[in-house]
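78 is the number that my numbering gives to position 78 of the sequence shown; each next residue is one higher, with no gaps. Backbone N, C-alpha and C fix where the C-beta goes; we use that ideal spot for every residue, glycine too.
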Amino acid sequence: MISWFRTYNAQVGKMEDLVKLSNQAMKHLKKAHGLDVDLYTQIGGDPTRIGLLGQYKDLGAVGKMEARIAKDAKWADIVKRARGMIVEGSVRDELWKKN
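Written out as structure tokens, the structure is:
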């Protein structure tokens, strides 16, 4: 099992809008690609930080999903809409293996 975790920060005053857009992105990933993603917001730390968690069977599944999403025009539109809401340079991706 591979867990993918992406974190990013909302621009000042954009947290509510970015959470809404992130929820729309998660629904799209489920409907278009069958990928379940959970949305998290940080507590006890940076109040503008958002996290997304998705899980895959193995690394091969991660690569296949990335290739599919890269060709997805609606996904590209969602990413474009996020510009101006996300702090530039704050996006971080991590992959973790369950042992």
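By the C-beta density criterion, V12 is exposed, having fewer than 16 other C-beta atoms within 10 angstroms. By the 16-neighbour rule on beta-carbons within 10 angstroms, Y40 is exposed. Taking the Cα positions, V62 is about 31 Å away from G44.
Collapsing the DSSP output to three states places S3 in a strand.
With distances taken between CA atoms, E88 lies nearest to R49 out of L35, R49 and D58. In this chain, the beta strand (DSSP E) harbouring K97 covers R92 to K97. Within the DSSP secondary-structure output, L21 pairs in no beta bridge.
With a beta-carbon spacing of about 7 Å, G54 and D36 fall inside the 8 Å limit used to define contacts.
For L35, no beta strand (DSSP E) encloses it, and the DSSP letter there is neither H nor E. For the 9 Å CB-CB criterion, L59 and S3 do not form a contact.
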